[in-house]
Each structure stands twice: as structure tokens, then as C-alpha cells.
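Here is the structure we will look at.
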Amino acid sequence: MKHPAIIATRLIQCAFLLLIGQFSQFTIAAEPLRIVVAMPGPHAAPYLPLELMPRIGADRKAGFLLTLRYFGGGPLAVKDMVDHNSDFAALGMPALAGIRISNPDLVSIAALTQSPAYVLMVRQALKPQIRKLADLRWRTIGTHSGSKQGKSTARQIAEYLLQRNGIRGNDVNFVYAGQNLADYRAALESGQVDAIVVNEPAATLLEKHQLAWRLVDLHDPAVAKTHLGGRFLYTQLATTTETLRDQPDKARQLTTALRDSLRWMATHSAQDIVARLQLPEGEEKQALQQFLAAHKNIYSPDGAFSEEAVRHSEAFFHSLSGNNLAASQLRYGDFIDSRWSGRSR
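Quick note: the sequence shown uses this note's numbering, first residue 1173, plus one each step.
Structural data, given as C-alpha cells:
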């Protein structure tokens, strides 16, 4: 018969192991859900609602922790998502539409912006020669990166503006000009590009350093209406039918957090927004604050799909379809899932 002290020791050991096991299970259960979003950036104005999300605690409030992965263009972000490295991708709706032709499993679940937030800029030294869009024939234009599956929205915007002014796609040379200020600056200073399509705050900084001037600024509602008809579905959140089928709560939670982030932006000043982003002191921070003070209206108020914005964005996409029957027949409504974001006029 074993000594009572030995029995007691083993009972204590068993109880301790059981307690450790229960604690481990509790720890695992308490581990917050992680959601990964791929997107262009960092600090590109059309995607700020996502960067702001963890800064104001909107992700934790919705029950998850957000991780962002940055790429040189929307199509590359989609590839990352399709390769299962991320759960969602943020990119321009026209870019998503083009990719969806070859990948019908892509779905849009919420809107980030309601304006085509791009600026077409011309290299400063060429200002005497290039005064209007038609003057860009035979020139080199820099845009964001596309992929084998589709063109970036920046590329589509450039093609559309040129097409409306009698310039065909093969009348200009399109090149990849990067996704950040350093890339844009290098492309302009080296003469690699004659014109460039950029987001803010890069446009403000290129102008400040007299590297380029604004030929077409689509942040201006009057300019956007002239070229595109009015409100325009630009950046949005996309995912796959697989994610919606197997992990619908991720889509619901991310959409909820996006709505909170957009509403927070709408009720806070440009200074408050930039402060929460915790950017280093310098001209980029100042330029972003300057932009937000003037153009906070580019953002969706709540993530809902505006019927007007969807209509204009779809018409834009169809105008570039040419002889591509699949593109001309594509309907945004076929791959918009608004069950969590909702719809509006």
C-alpha cells in the first residue's frame, strides 16, 4: 500500500495539471479573433478609415483585432486575399470588377469612399507643353500597379479621362510609378513619367515641392460631376464567397467596425483624425491634415452602397469595356452583398 503522503502528492499534481488545462482552454477561448485586410498604402487617403479602425478601438469593440497588409495597388491586394494570406482586400470597385471577370468568387461588402479620389498631375517642367488632357498623347503616364488579372483603378481613371479627350489607350505609354511619395518623386525627377495619377496626401506634397501640377483633381465635386456624373463608388471592401460561406461573422464584424470608423471620422476634425493615426511629425502629416480639412466628404458616411455612386461607377467601368463582352455585361449588383452595410440613395 502506497504511503498516504505519496497519494496526497499525486492528487495535488493531478489537480494542478487539471487546473493548468482549464486555464489553457480559457486562454485559447479568450484569444481575440484576428482579421487581416490587404490594401494599398500606407497612409493613402482613400483607405484611412481602415488605418484608423484600430487607433480608435473600433476593431476591439466589434470583437476582433485588425491586421493590415500593404501593397502597391488594389489588384495585388486581391491576389494576397485569393492566396489566403488575408481575409479581405480594400481596393477600387472598378479594379475589383475587372478582376471578377476571371474570378466570379469575389464579392464587395461595404463602401469606403463615394468620390473618385484621384489627381492626374503633370511633371512641372512640362507645364508649358501640357495644358489640357489632349496634350498627353504620346506621353508616359505613371499609375498604381495592376496584375495579370486586372488593371488598377488609377490606370482605368487615366484611360477614361484620355478616352473622353480623343486619346486611345495605345496613344500613351502606361508605367508603374509606385505607391508612395518616394516612388512618385523618383519617377518625376528622373523623367520616367510625364504625368502621374496619385492619391492624397501625395498630390499635395508633389505640388508643394513643385514636382508636378494638378491637371485634373477629382476630389473637387464639380470636376468629378463633369467627368463622372456625380457620386462614385471608388474604394470598398471585398472578400470571397468562401469567406462569406465559412466565416460570415468576420464580414459582419469588419463591416460593423468600418461603420464606426466612418462615423467617427465624420464627427471629428481633421486634426483629431491625424492625431489618432500617430504619424511622425513632418510634411506628410501636415499635408494629410490639410487634405482632410478640405475633402472629408470623399468618405462614405456609413459604409452603405449608394445607388447613385454604384450607378456612376458601373457606367464608368462599362465605358472602358470596348469589345470585351464579359466586361460590358458585368453588373455591380451581381457581386455586391449589402446584408451588413446596407444601401442608400
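Beta carbons: idealized from backbone N, C-alpha and C, even for Gly.
Next item on the list: List the endpoints of the continuous beta strand (DSSP E) containing R1417.
Entry: Per DSSP, R1417 lies in no beta strand (DSSP E) segment; the continuous alpha helix (DSSP H) that holds it begins and ends at T1413 to D1418.
Item checked: Nearest residue (CA-CA) to I1445, options P1212, E1203, A1210 and A1217 -> A1217
Next item on the list: Would you kindly work out how many angstroms separate the C-alpha atoms of G1341 and P1288, rounded to a whole number?
Entry: Distance between the alpha carbons of G1341 and P1288 is about 20 Å.
Check: Per DSSP, what kind of secondary structure is P1212 in: helix, strand or coil?
Finding: strand
Check: Hey, quick one: how far does the beta strand (DSSP E) through D1389 stretch, first residue to last?
Finding: Residues A1384 to D1389.
Check: For the 8 Å Cβ check, are there 3 or more pairs between the stretch 1460-1475 and the stretch 1489-1504?
Finding: Judged by Cβ distances under 8 Å, the stretch 1460-1475 makes no contact with the stretch 1489-1504, as fewer than three pairs qualify.
Notebook entry, point to check: By DSSP, does T1439 sit in helix, in strand, or in coil?
Noted result: coil
Notebook entry, point to check: What three-state label does DSSP hand R1272 in the structure shown?
Noted result: helix
Next item on the list: Examine the Cβ distances between the stretch 1209-1216 and the stretch 1253-1262 and report whether three or more of them are shorter than 8 Å.
Entry: yes
Check: Which runs of the beta strand (DSSP E) spanning at least 3 residues fall entirely within the stretch 1249-1305, listed in chain order?
Finding: 1260-1264, 1278-1283 and 1291-1295
Item checked: Cβ-Cβ distance between S1513 and L1416 below 9 Å -> no
Item checked: Buried versus exposed, by CB contacts within 10 Å (16 or more), T1315 -> With 16 or more Cβ atoms within 10 Å of its Cβ, T1315 is classed as buried.
Next item on the list: Mind reading off the beta-carbon distance from M1293 to A1349? Whole number of angstroms is fine, and I expect it under 8 Å.
Entry: That pair is no contact at about 11 Å.
Note to self: Our contact map puts Y1219 next to T1407 with C-beta atoms below 8 Å; I'd like the distance itself, whole angstroms only.
What the structure shows: Their Cβ separation, rounded to whole angstroms, is 6 Å, which keeps Y1219 and T1407 in contact under 8 Å.
Next item on the list: Ignore the nearest five residues each way along the sequence and tell me which others in F1489's own chain have a CB closer than 6 Å to its CB.
Entry: Excluding sequence neighbours, F1489 sits near P1266 and A1269.
Notebook entry, point to check: Is L1205 helix, strand or coil by DSSP?
Noted result: Three-state result, L1205: strand.
Notebook entry, point to check: Going by other Cβ atoms of all chains shown within 10 Å of its Cβ, with 16 needed for buried, is A1396 buried or exposed?
Noted result: buried
Check: Between which two residues does the alpha helix (DSSP H) containing I1329 stretch?
Finding: T1325 to Q1335
Item checked: Cut-off 7 Å between Cβ atoms - residues of its own chain near G1562, not counting five sequence neighbours on either side -> The shown model of the chain, from 1173 to 1517, leaves out residue 1562, and the question about it has no answer.
Note to self: Just to confirm my understanding: we take Q1382, look at its own chain, exclude 5 residues before and 5 after, and list those with CB closer than 7 Å. What are they?
What the structure shows: Only residues of its own chain outside the window of five on either side were considered, and among them Q1296 have a CB closer than 7 Å to the CB of Q1382, listed in chain order.
Note to self: Determine whether the beta carbon atoms of L1502 and H1399 lie at a separation below 9 Å.
What the structure shows: In this structure, H1399 does not lie closer than 9 Å to L1502 by Cβ.
Item checked: the stretch 1353-1365 contacting the stretch 1420-1430, beta-carbon criterion three pairs below 8 Å -> no
Next item on the list: Would you mind stating whether V1291 and E1372 have Cβ atoms separated by less than 9 Å?
Entry: yes
Next item on the list: Using a threshold of 9 Å, state whether the C-beta atoms of G1454 and Q1351 are closer than that.
Entry: no
Note to self: Cutting at 7 Å between CB atoms, please list the residues of its own chain near P1226, excluding the five before and the five after it.
What the structure shows: L1238
Notebook entry, point to check: Given a threshold of 16 other Cβ atoms within 10 Å of its Cβ, counted over all protein chains shown, does A1326 qualify as buried or as exposed?
Noted result: buried
Check: If you draw a straight line from the C-alpha of H1250 to the C-alpha of A1438, how long is it?
Finding: With the sequence shown as reference, residue 1250 is identified as Val, and His is not the correct amino acid for it. Approximately 28 Å between the Cα atoms of the pair.
Note to self: Could you tell me the alpha carbon to alpha carbon distance between L1434 and R1515, rounded to whole angstroms?
What the structure shows: 15 Å
Next item on the list: Tell me where the alpha helix (DSSP H) around V1395 begins and ends.
Entry: P1393 to L1400
Next item on the list: Have a look at D1432, P1393, V1482 and Q1443 and flag the residue whose alpha-carbon is nearest the alpha-carbon of K1233.
Entry: D1432
Next item on the list: Apply the 10 Å Cβ neighbour rule to L1278 and answer buried if 16 or more other Cβ atoms are within range, or exposed otherwise.
Entry: Under this definition L1278 is a buried residue.
Notebook entry, point to check: What distance in whole Å lies between the Cβ atoms of I1508 and S1280, which are believed to be in contact at a cut-off of 8 Å?
Noted result: 5 Å
Margin query: With H, G and I counted as helix, E and B as strand and the rest as coil, what does DSSP make of L1378?
Written below: helix
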